[in-house]
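Trainee:
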Amino acid sequence: MAFVVEPAFIQAPEHRPKPTITEAAGGIPLIDLSPLLHYPIPVDGGAAPPAVSAMVAEVEAACREWGFFQVINHGVPSELLDNIMAAAKGFFALPMEEKRQVKRDKAKLLGYDDTEHTKNVRDWKEVFDFIFQDPAGFAEPGTDEYYAFKNQWPKYPPSFKEACETYATAANELAFKLLELIALTLGLPAKRLNGFFKDQSSFMRLNYYPPCPSPHLALGLNRHKDAGVLTILAQDDVEGLDVKRRSDGEWIRVKPIPNSYVINVGDIVQVWSNDKYESAEHRVCVNSEKARCSVPFFFNPAHYVTVQPLEELIDEKNSPAKYNAYNWGEFFKTRKNSNFKKPGGENIQIYHFKKAE
Ligand SMILES: O=C(O)CCC(=O)C(=O)O
Ligand SMILES: [Fe+2]
1 MAFVVEPAFI QAPEHRPKPT ITEAAGGIPL IDLSPLLHYP IPVDGGAAPP AVSAMVAEVE
61 AACREWGFFQ VINHGVPSEL LDNIMAAAKG FFALPMEEKR QVKRDKAKLL GYDDTEHTKN
121 VRDWKEVFDF IFQDPAGFAE PGTDEYYAFK NQWPKYPPSF KEACETYATA ANELAFKLLE
181 LIALTLGLPA KRLNGFFKDQ SSFMRLNYYP PCPSPHLALG LNRHKDAGVL TILAQDDVEG
241 LDVKRRSDGE WIRVKPIPNS YVINVGDIVQ VWSNDKYESA EHRVCVNSEK ARCSVPFFFN
301 PAHYVTVQPL EELIDEKNSP AKYNAYNWGE FFKTRKNSNF KKPGGENIQI YHFKKAE
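Numbering-wise (our numbering), the sequence shown opens with residue 1 and increments by one.
In structure tokens form, the structure reads like this:
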């Protein structure tokens, strides 16, 4: 039997995208972050101006109802985003021999790859991963793993490294602001969570989804939840990202809005919040005509951080902890290894740490 795409890419029938796209009324919540451009985030006990309190309330509702939202007026200069998108498009357009110069493998965990599998099905995509700080956030200095987390930069386009690094610095600033807003939504001091990010293991990815001859059989990125704290995603003007709506389990398309970001809370926020917030499942559909690029920034704590429900939110009588503690570095490594070998069962997930009710 002849396949239009190789069998490795073909999704089981129940996971193939439906031909019609559901769009929520207004889509995922859209939050205007402009109050952050005018007022500092109130620290311990400080009263917030009404515009800030209203924004915090919107973030709270979005995290609770969707786990996803879009933001505008976020303070990241648009030219930084334009530059990294252009650098990504320039890089992925290079001949394969050139891209393979910076290919990832077991000893070099950052760089280019076109063979990633999610839930054991190959994704119709190419990626480039990099970090923007010392690899100590990922592994003990001096170990093989530490060296495996060194960046590999391509020679072309010439502006690639600078565009990536400059953008990452700005995205990192936005990530801390979002982290502080999330702390406020949980009734905690704004900087309560910042300490987990000394030696952070955040990384950035450039995603490229080429046109696909069989978009009804394959996915650009299979359904998954982001494992870290939060993701700041820039998408170009080609749609494809679907979010699973918490209320009814429907896949909802996220329409691209120029100069906006899609934000989602990851598994760690789900555990910290003791399930007040949920890390939503999402996936990427492809199409037969246009390539799509996206740029996620994965905001993650240091590898040695122990993840567990925040003690301020736990009361052993009325709201006991729903998760056992786990080590972030171990969790992350197990996830990353599953891109190379195919485990028989499901990849590591936070429900494996859930306590019996
Ligand atoms: O490309 C997208 O829109 C989403 C990418 C994503 O979910 C991921 O890389 O984890
Ligand atoms: Fe994701």
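Glycine included, C-beta positions come from ideal geometry on N, C-alpha and C.
What residues in its chain sit with their C-beta under 7 Å from that of Ile-314, if we drop five residues either side in the sequence?
Mentor: These residues qualify, in order along the chain: Asn-274, Pro-320, Ala-321.
Trainee: In this structure, how does DSSP classify Pro-13 when only helix, strand and coil are distinguished?
Mentor: Three-state result, Pro-13: helix.
Trainee: What does a CB cutoff of less than 8 Å around Met-1 pick up in its chain, not counting 5 residues either side in sequence?
Mentor: Per-residue confidence for Met-1 stands at a pLDDT of 43, beneath the threshold of 50, marking its modelled position as unreliable; no derived number is given.
Trainee: Any idea what DSSP makes of Gln-152, helix, strand or coil?
Mentor: Of the three classes helix, strand and coil, the one that applies to Gln-152 here is coil, per DSSP.
Trainee: Would the C-beta of Leu-221 count as close to ligand 1, meaning under 7 Å from any of its heavy atoms?
Mentor: Flag set: Cβ of Leu-221 near ligand 1.
Trainee: Could you have a look at Pro-141 and say whether DSSP puts it in helix, strand or coil?
Mentor: Reduced to three states, the DSSP call for Pro-141 is coil.
Trainee: Excluding the 5 residues preceding and the 5 following Pro-256 in the sequence, name in chain order all residues of the same chain whose CB lies nearer than 6 Å to its CB.
Mentor: Answer for Pro-256: Gln-235, Asp-237, Glu-239, listed in chain order.
Trainee: At which residue ranges does the stretch 156-216 contain complete beta strand (DSSP E) runs of 3 or more residues, listed in the order of the chain?
Mentor: The qualifying runs are 203-209.
Trainee: Answer yes or no: do Asp-199 and Ala-302 have a C-beta to C-beta separation smaller than 8 Å?
Mentor: Closer than 8 Å, so yes.
Trainee: Within the present structure, is the beta-carbon of His-282 separated from the nearest heavy atom of ligand 2 by less than 7 Å?
Mentor: Yes, ligand 2 has a heavy atom inside 7 Å of this Cβ.
Trainee: Where are the alpha helix (DSSP H) runs, 4 residues long or more, that stay fully inside the stretch 285-351, in chain order?
Mentor: Counting only runs of 4 or more, we get 328-337.
Trainee: Is there at least one non-hydrogen atom of ligand 2 closer than 7 Å to the beta-carbon of Asp-226?
Mentor: The answer is yes for Asp-226.
Trainee: How about Thr-169: is its Cβ closer than 7 Å to a heavy atom in ligand 2?
Mentor: No, ligand 2 has no heavy atom inside 7 Å of this Cβ.
Trainee: Write down the C-beta distance between Phe-353 and Ala-168 rounded to the nearest angstrom, noting that I regard them as a contact closer than 8 Å.
Mentor: The pair is not a contact, with the Cβ atoms about 30 Å apart (cut-off 8 Å).
Trainee: Cα separation between Ile-263 and Tyr-147?
Mentor: So the two alpha carbons sit approximately 30 Å from each other.
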